[in-house]
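Visitor:
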Amino acid sequence: MSGHNKWSKIKRQKGVEDAKKGQLYTKLTREIILAARQGGGDTESNFRLRLAVQKARDSSMPKENIERAIERGSGAGEGSNLEELTLEGYGPNGTAIMVETMSDNRNRTVQEVRNVFNKTGGTMGSAGSVAWMFDSKGVITVDVSEKDNVDDLELEAIDAGADDVKVQDGTMEIYTKANELEMVRKNLEQKKIEMSSAELSLIPKTMVETDNKTAIQTLKLLDKLEDLDDVQKVYSNVDFSDEVLRKYEDGETE
2 MSGHNKWSKI
12 KRQKGVEDAK
22 KGQLYTKLTR
32 EIILAARQGG
42 GDTESNFRLR
52 LAVQKARDSS
62 MPKENIERAI
72 ERGSGAGEGS
82 NLEELTLEGY
92 GPNGTAIMVE
102 TMSDNRNRTV
112 QEVRNVFNKT
122 GGTMGSAGSV
132 AWMFDSKGVI
142 TVDVSEKDNV
152 DDLELEAIDA
162 GADDVKVQDG
172 TMEIYTKANE
182 LEMVRKNLEQ
192 KKIEMSSAEL
202 SLIPKTMVET
212 DNKTAIQTLK
222 LLDKLEDLDD
232 VQKVYSNVDF
242 SDEVLRKYED
252 GETE
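Just so it is clear: in the sequence shown, position 105 is 106 by the numbering used here, and no numbers are missing.
(1) Among the candidates L229, K221, E244, whose CA atom is the shortest distance from the CA of G122?
(2) When the distance is taken between beta carbons, is S146 closer than 8 Å to G171?
(3) Under three-state DSSP, which class holds L222?
(4) Check each candidate in N106, K214, Q55, D136 and name the one with the smallest Cα separation from T30.
(5) Reducing DSSP to helix, strand and coil, say where E183 ends up.
(6) Name the two residues that bound the continuous alpha helix (DSSP H) containing L25.
(7) Just confirm the distance between the C-beta atoms of F135 and K214, as a whole number of angstroms; I'd bet it's less than 8 Å.
(8) Is the beta carbon of N256 less than 8 Å from the beta carbon of A36?
(9) Out of A216, G90, D228, point me to the one whose CA is closest to N119's CA.
(10) Checking contacts by CB at 8 Å: is K167 closer than that to chain D?
(11) From the DSSP output, in three-state form, read off N6 for me.
(12) Put M134 into one of helix, strand or coil per three-state DSSP.
(13) Which value, in whole angstroms, describes the spacing of the CA atoms of E157 and A53?
(14) Since V235 and I98 should fall inside the 8 Å C-beta cutoff, what is the C-beta to C-beta distance between them, to a whole number of angstroms?
(15) In this structure, how does DSSP classify G129 when only helix, strand and coil are distinguished?
(16) Report the three-state DSSP secondary structure of V145 (helix, strand or coil).
(17) So what does DSSP say about A199, is it helix, strand or coil?
(18) Which whole-angstrom value is the C-beta distance of T27 and D230, which I expect to be below 8 Å?
(19) Whose CA, out of V114, T177, V117, R73, lies closest to the CA of G139?
(20) Tell me the rounded alpha-carbon separation between R115 and N108.
(21) What is the DSSP secondary structure of I204, counted as helix, strand or coil?
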């Protein structure tokens with residue numbers, strides 16, 4: 002779990018930079034459009050749309066942008082040809098990587114993802130090649146860096162229906178069954194627990210440790226994949242050490 006926690010934190014920090022250049026908003030808009038297209042524009046009855054809108058709000062996406070995306074998804078105009086595609090592959094030394102995409106051109110997306118794998122020491126895999134290494138779960142994050150009642154919060158999360166709770170580096174991650182994410186989120190909301198995010202995620206069944214060189218190569222690959230416009234989320238089973246993350250954030254990529 003620790004590797005997932007730390008990589009998630011890097012992605013959240015990276016998201017701040019992405020928002021400045023509009024890339025994150027583009028990804029969020031696509032998620033809202035597709036969610037509205039599939040389940041309608043009512044956030045009360047459309048769970049996926051509700052999650053997408055909440056994630057957009059968490060990322061400070063303007064209200065008018067959110068409303069416009071819902072309207073586009075509810076109609077038959079722009080965004081009506083978007084489709085989801087999950088791609089699988091291997092990073093350096095056989096590490097497992099899952100890539101969730103949303104695209105209006107399947108062939109383009111597959112080729113772009115394949116090119117990134119090939120150029121960064123990885124290879125594309127066939128459907129099912131690494132998916133079995135991951136579980137779909139709900140993940141709710143809570144900032145506990147300034148809280149002194151963390152143990153009590155853990156008990157409240159379990160009482161709210163969580164399967165597991167982990168705390169590291171000032172962040173509490175609450176894990177739920179995929180179909181119980183909304184129930185747990187509502188229960189926590191009723192307990193007045195402020196959440197940083199709530200989303201469905203692919204969690205590695207087992208984290209793998211690698212040497213520093215392989216870990217940094219994997220981080221490069223993950224970053225390049227996430228930089229693709231059609232890529233929504235990227236997951237890996239690598240347990241990144243604090244030393245590797247510090248080096249990578251400091252620009253030491255060798």
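Built from N, CA and C at the ideal position, the CB exists for glycine as well.
Just so we're clear, the structure is a prediction, and the values are computed from it rather than from any experiment.
Guide: Answer, in terms of the structure:
(1) K221
(2) yes
(3) helix
(4) Q55
(5) helix
(6) 24-40
(7) With 8 Å as the limit, F135 and K214 do not qualify as a contact, their Cβ atoms being about 24 Å apart.
(8) The question about residue 256 has no answer, for the chain in this structure spans 2 to 255.
(9) G90
(10) Included in the structure is just one protein chain, with no chain D present.
(11) Confidence at N6 is low in this model, with a pLDDT of 49, below 50, so the placement of that residue should be treated as unreliable; the coordinate-derived value is given next. Three-state DSSP puts N6 in a helix.
(12) helix
(13) 25 Å
(14) 7 Å
(15) coil
(16) coil
(17) strand
(18) 6 Å
(19) T177
(20) 11 Å
(21) strand
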